[in-house]
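Report on the following structure.
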Amino acid sequence: MNKNFRLQLTLIMIAFSIFISLVVALINQEKIRNKLFQEHELKLSMIEDNILSSLHSIDKAYMLFDKDMAEMMEDYSEELISLYKKNPDFEQWDFKRLNEKYKMDVYILNNQNVVTFSSVHDDIGLDFGACCVNFSKLLDQRRNEGKFSHDGMDISLNSGEIKKFSYIPTPDKKYIIELGVSLEDGEIFKHFNFLEVEKELEERFSMVESIKVYNSGGFILGSSKKEEEDLRNSLDKWETFRKALKTGKVKETEQEIDGKKITYHYVPYKAEEQRGYSTSRVVEIAYNKDELNKALNQSRKEFLIQFSVIFIAAIVISWIIARRVARPMYLAFHDLLTGLNNRAAFEELVKEHLDKKKDNLALMMIDLDNFKMVNDSLGHTEGDHILKAAAHEILISAGKDNHAARLGGDEFVVIFPDIGEEELKKSASMLIKRMQRLFRDISEKNQIDVSISVGIAMASGEDDVDSLYNKADRALYESKKKGKNQFNIYQMSS
1 MNKNFRLQLT LIMIAFSIFI SLVVALINQE KIRNKLFQEH ELKLSMIEDN ILSSLHSIDK
61 AYMLFDKDMA EMMEDYSEEL ISLYKKNPDF EQWDFKRLNE KYKMDVYILN NQNVVTFSSV
121 HDDIGLDFGA CCVNFSKLLD QRRNEGKFSH DGMDISLNSG EIKKFSYIPT PDKKYIIELG
181 VSLEDGEIFK HFNFLEVEKE LEERFSMVES IKVYNSGGFI LGSSKKEEED LRNSLDKWET
241 FRKALKTGKV KETEQEIDGK KITYHYVPYK AEEQRGYSTS RVVEIAYNKD ELNKALNQSR
301 KEFLIQFSVI FIAAIVISWI IARRVARPMY LAFHDLLTGL NNRAAFEELV KEHLDKKKDN
361 LALMMIDLDN FKMVNDSLGH TEGDHILKAA AHEILISAGK DNHAARLGGD EFVVIFPDIG
421 EEELKKSASM LIKRMQRLFR DISEKNQIDV SISVGIAMAS GEDDVDSLYN KADRALYESK
481 KKGKNQFNIY QMSS
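As structure tokens, then:
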């Protein structure tokens with residue numbers, strides 16, 4: 001019984017240790033996971049801040065320093081309006097010469113916002129009504145206003161070259177004369193080149209697949225029109241881009257490309273000074289989670305190793321502690337000789353069952369008759385052997401649902417939490433018969449008449465531990481008084 005108790009205690013301590021260790025390890029693992037995700041978000045935020053800061057710087061620089069360029073474009077536009085008044089037939093204009101004269105590209109947009117004439121041959125036929133509906137509406141508005149206007153940094157759709165554009169409608173409002181000047185060779189662009197910042201961030205952070213800056217029409221600043229097809233041909237990316245632009249909030253979508261998951265992170269951006277659609281943009285940061293997933297996998301491996309070490313340590317420590325404390329704990333509630341519950345355990349059990357207020361609680365008290373003669377004649381060693389054998393018989397007779405205890409000496413008790421009187425009588429009779437068989441050899445060989453006397457008390461609602469014990473003791477006394485080797489049930493009159 002002591003070994004079983006030690007095993008049970010060891011298993012309980014191991015289970016408790018592992019549970020506590022697992023909870024602590026899981027909390028720690030969750031903290032590590034959160035930290036890894038925070039670091040990932042911090043990197044993404046850093047990338048975002050860098051590119052937005054670069055755009056902000058270049059827009060602010062143009063806002064402060066392109067006044068002279070805007071005035072020059074306005075002067076040239078007025079000259080072209082004068083030329084139109086003299087000769088409205090664009091077929092006769094020498095656009096190549098005009099380009100050389102002004103060092104600017106010249107475009108003529110008809111009332112459908114289609115480029116019909118230009119110094120840039122590739123741009124002839126460009127239809128803003130088809131490619132860029134919102135921008136086309138803006139052109140209509142500017143045509144109706146009838147005055148000069150200019151935008152900030154924008155792109156040439158076919159070449160992807162970053163330029164500044166100006167617009168002035170002809171007096172008859174049939175056409176818009178557009179001028180475009182490249183910004184990429186200027187000192188401002190060289191000093192605040194956001195395209196270089198894009199490349200630097202792509203090289204610096206392994207998580208970054210690409211960084212692109214789109215204008216409001218969905219065209220990338222610094223790349224040709226052919227490269228825009230990727231955005232427009234992907235419904236998810238295009239819708240996410242439009243939502244970011246419309247709501248002014250960051251939006252994301254995820255796609256799997258060649259077996260690799262890529263997240264597209266769209267960040268809306270507006271310059272401090274709004275000039276047309278050119279200063280409303282969306283930054284696309286395409287990034288992977290390879291580094292994050294690698295760190296998470298490593299964290300999981302470390303967790304498993306850590307938990308394995310904790311598991312082994314918990315078993316070893318629990319085993320050591322159980323060996324040291326199991327016996328004292330066992331002896332606190334068990335009889336050393338027989339392994340039955342002791343008096344302390346008996347009192348706790350009776351109190352526990354009395355508190356449940358059940359009507360069928362019974363206490364059977366058992367005393368070995370003439371046991372002192374066994375000790376005196378056969379010695380204490382043989383006496384201990386008989387006590388252990390008697391305890392074994394009592395335990396079997398009690399059954400697994402009831403509790404047997406040794407109160408000391410040759411006195412035993414059995415607690416029946418729920419039993420009827422008839423069943424109780426059968427149990428007492430069976431116990432007496434088993435004991436008779438046990439003691440037969442002793443009686444025949446040593447001429448010592450060993451038997452048992454049994455006293456039984458049924459608990460009432462007013463009973464406590466002492467009163468129930470006293471009832472059973474008085475019933476036991478009646479059994480002895482009547483000749484021993486029998487049982488007696490306590491009655492109020494007894």
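Per the working numbering, the sequence shown starts with residue 1, numbered consecutively. Positions of the beta carbon are idealized from the N, C-alpha and C atoms, including for glycine.
How far does the beta strand (DSSP E) with Ala-405 in it reach, from first residue to last? Working through the sequence shown from its first residue, we reach residue 405 at position 405. That run of the beta strand (DSSP E) goes 403 to 408.
Got a sec, what are the start and stop residues for the beta strand (DSSP E) Lys-289 sits in? Here residue 289 corresponds to residue number 289 of the sequence shown, with the count starting at 1. No beta strand (DSSP E) contains Lys-289, which DSSP labels as neither H nor E.
Gln-141 lies in the beta strand (DSSP E); which residues open and close that run? Working through the sequence shown from its first residue, we reach residue 141 at position 141. Note, Gln-141: premise wrong, no beta strand (DSSP E); alpha helix (DSSP H) at 133 to 145.
May I ask you to verify whether the region 440 to 449 touches the region 457 to 464, counting CB pairs closer than 8 Å and requiring at least 3? no
For Ser-494, three-class secondary structure by DSSP: In the sequence shown, counting from the first residue as 1, residue 494 sits at position 494. Interpretation of Ser-494 is limited by its pLDDT of 45, a score under 50 that renders its predicted location unreliable; the figure taken from the coordinates is listed afterwards. Note: Ser-494 maps to coil in three-state DSSP.
Residues in the same chain with beta-carbon distance under 8 Å from Arg-142, minus the five sequence neighbours each way, listed in chain order, please. Translated into the one-based positions of the sequence shown, residue 142 becomes position 142. Within the same chain, Arg-142 has close Cβ partners Ser-149, Tyr-167, Pro-169, Ile-176.
Of the residues Leu-126, Arg-300, Tyr-469, the one placed nearest Tyr-107, counting alpha carbons only: Taking the sequence shown and counting its residues from 1, the one referred to as residue 107 is at position 107. Considering only alpha carbons, the answer is Leu-126.
Relative to the C-alpha of Lys-425, which residue among Ala-404, Cys-131, Phe-487 is closest? Here residue 425 refers to the residue found at position 425 of the sequence shown. It is Phe-487 whose Cα lies nearest to the Cα of Lys-425.
Name the two residues that bound the continuous beta strand (DSSP E) containing Ile-448. In the sequence shown, counting from the first residue as 1, residue 448 sits at position 448. Premise fails: Ile-448 is in no beta strand (DSSP E) and is neither H nor E.
Measuring straight from C-alpha to C-alpha, what distance separates Ser-494 and Arg-474? For this step, residue 494 is matched to residue 494 along the sequence shown. For this step, residue 474 is matched to residue 474 along the sequence shown. Because the pLDDT of Ser-494 is 45, which lies under 50, any placement of that residue in the model is unreliable, and the number read from its coordinates should be weighed accordingly. Near 8 Å, if we compare the C-alpha coordinates of Arg-474 and Ser-494.
Take Tyr-264 as the anchor and find which of Lys-67, Thr-10, Glu-256 has the nearest alpha-carbon. For the purposes of this step, residue 264 is taken as residue 264 along the sequence shown, with counting starting at 1. Nearest option by C-alpha distance: Glu-256.
Sort out for me which residues DSSP pairs Asn-341 with in a bridge. Counting from 1 along the sequence shown, the entry for residue 341 is found at position 341. DSSP, once it has assigned bridges, lists His-334, Ala-405 as partnering Asn-341.
Just the C-alpha distance for Ala-332 and Leu-296, rounded to the nearest angstrom, thanks. Residue mapping note: residue 332 aligns to position 332 of the sequence shown, counting from 1. Residue mapping note: residue 296 aligns to position 296 of the sequence shown, counting from 1. Taking the straight line joining both Cα atoms gives about 49 Å.
Closest to His-403 by C-alpha separation, out of Met-430, Asn-370, Glu-348, would be which residue? As a first step, residue 403 must be located in the sequence shown, where it is residue number 403. The option with the nearest alpha carbon to His-403 is Glu-348.
Decide if Val-495 is buried, meaning its Cβ has at least 16 other Cβ atoms within 10 Å, or exposed. Residue 495 lies beyond the residue range present for the chain, which begins at 1 and ends at 494; the question has no answer from this structure.
What number of angstroms, rounded off, separates the C-alpha of Ile-14 from the C-alpha of Ile-321? Here residue 14 corresponds to residue number 14 of the sequence shown, with the count starting at 1. Here residue 321 corresponds to residue number 321 of the sequence shown, with the count starting at 1. Taking the straight line joining both Cα atoms gives about 10 Å.
Using only CA atoms, which one of Ser-119, Leu-361, Leu-438, Arg-97 lies nearest to Leu-387? In the sequence shown, counting from the first residue as 1, residue 387 sits at position 387. The shortest Cα separation from Leu-387 among Ser-119, Leu-361, Leu-438, Arg-97 belongs to Leu-438.
Check whether the Cβ atoms of Asp-105 and Gly-180 sit closer than 8 Å, and answer yes or no. Within the sequence shown, numbered from 1, the residue matching residue 105 stands at position 105. Within the sequence shown, numbered from 1, the residue matching residue 180 stands at position 180. Taking 8 Å as the Cβ cut-off, Asp-105 and Gly-180 qualify as a contacting pair.
Indicate the three-state DSSP secondary structure (helix, strand or coil) for Glu-256 in the structure shown. For the purposes of this step, residue 256 is identified with residue 256 of the sequence shown, where counting begins at 1. Correct three-state label for Glu-256: strand.
Report the rounded CA-to-CA distance for Asn-50 versus Val-197, giving the unit in angstroms. Here residue 50 refers to the residue found at position 50 of the sequence shown. Here residue 197 refers to the residue found at position 197 of the sequence shown. Rounded to whole angstroms, Asn-50 to Val-197 spans 8 Å at the Cα level.
Ala-391, DSSP secondary structure in three states: Against the sequence shown, residue 391 aligns to sequence position 391. Three-state result, Ala-391: helix.
List the whole-angstrom C-beta distance separating Arg-244 from Lys-251, where the pair is believed to meet the contact cut-off of C-beta under 8 Å. Against the sequence shown, residue 244 aligns to sequence position 244. Against the sequence shown, residue 251 aligns to sequence position 251. The identity of residue 244 in the sequence shown is Ala, whereas the question assumes Arg. About 4 Å separates the two Cβ atoms, so the contact holds.
Going by DSSP, what residue range makes up the alpha helix (DSSP H) through Leu-501? The question about residue 501 has no answer here: the residues shown for the chain are numbered 1 through 494.
What residue from Lys-212, Phe-205, Gly-186 has the CA that sits closest to Leu-195's CA? Sequence index remark: in the sequence shown, residue 195 carries index 195 (1-based). Minimum Cα distance to Leu-195 is reached at Lys-212.
To the nearest angstrom, how far is it from the Cα of Thr-381 to the Cα of Ile-317? By 1-based counting over the sequence shown, the position of residue 381 is 381. By 1-based counting over the sequence shown, the position of residue 317 is 317. Going from the Cα of Thr-381 to the Cα of Ile-317 covers about 38 Å.
So, Leu-431 versus Val-454, is the Cβ gap smaller than 8 Å? Residue 431 sits at position 431 when you count from the first residue of the sequence shown. Residue 454 sits at position 454 when you count from the first residue of the sequence shown. Contact flag set, yes.
Leu-336, buried or exposed, once every other Cβ within 10 Å from all chains shown has been counted against 16: Along the sequence shown, one-based indexing puts residue 336 at 336. Exposed, by the Cβ-count rule.
With burial defined as no fewer than 16 other Cβ atoms inside 10 Å of the residue's Cβ, what is the status of Met-1: buried or exposed? Residue numbering aside, residue 1 sits at position 1 when the sequence shown is read from its first letter. Note that Met-1 scores a pLDDT of 49, beneath 50, so its modelled location is shaky; the value from the coordinates is reported in the next line. So Met-1 counts as exposed.
Looking at the unbroken alpha helix (DSSP H) that takes in Val-465, where does it start and where does it end? Along the sequence shown, one-based indexing puts residue 465 at 465. Counting along the chain, the alpha helix (DSSP H) containing Val-465 begins and ends at 465 to 481.
Which class does His-353 belong to by DSSP, given the choice of helix, strand or coil? Within the sequence shown, numbered from 1, the residue matching residue 353 stands at position 353. The answer is helix: DSSP assigns His-353 an H, G or I state.
Would you report the Cα separation of Tyr-62 and Asn-87, rounded to the nearest angstrom? Residue mapping note: residue 62 aligns to position 62 of the sequence shown, counting from 1. Residue mapping note: residue 87 aligns to position 87 of the sequence shown, counting from 1. Taking the straight line from one Cα to the other gives about 34 Å.
Within 10 Å of its beta-carbon, does Phe-19 have 16 or more other beta-carbons around it, so buried, or fewer, so exposed? In the sequence shown, counting from the first residue as 1, residue 19 sits at position 19. So Phe-19 ends up on the exposed side.
Would you call Ser-136 buried or exposed, if buried means 16 or more other Cβ atoms sit within 10 Å of its Cβ? Indexing the sequence shown from 1 puts residue 136 at position 136. Buried, by the Cβ-count rule.
Report the three-state DSSP secondary structure of Asn-113 (helix, strand or coil). On the sequence shown, position 113 is the one that residue 113 refers to. Residue state, collapsed to three classes: coil.
So Ala-398 packs on Asn-342, CB below 8 Å; how close in whole Å? As a working note, residue 398 is residue 398 in the sequence shown. As a working note, residue 342 is residue 342 in the sequence shown. Their Cβ separation, rounded to whole angstroms, is 15 Å, which puts Ala-398 and Asn-342 out of contact at 8 Å.
Contact check, Tyr-214 vs Leu-44 under 8 Å by CB: the rounded distance? On the sequence shown, position 214 is the one that residue 214 refers to. On the sequence shown, position 44 is the one that residue 44 refers to. Going by Cβ atoms, the distance from Tyr-214 to Leu-44 rounds to 18 Å, so no, they are not a contact pair.
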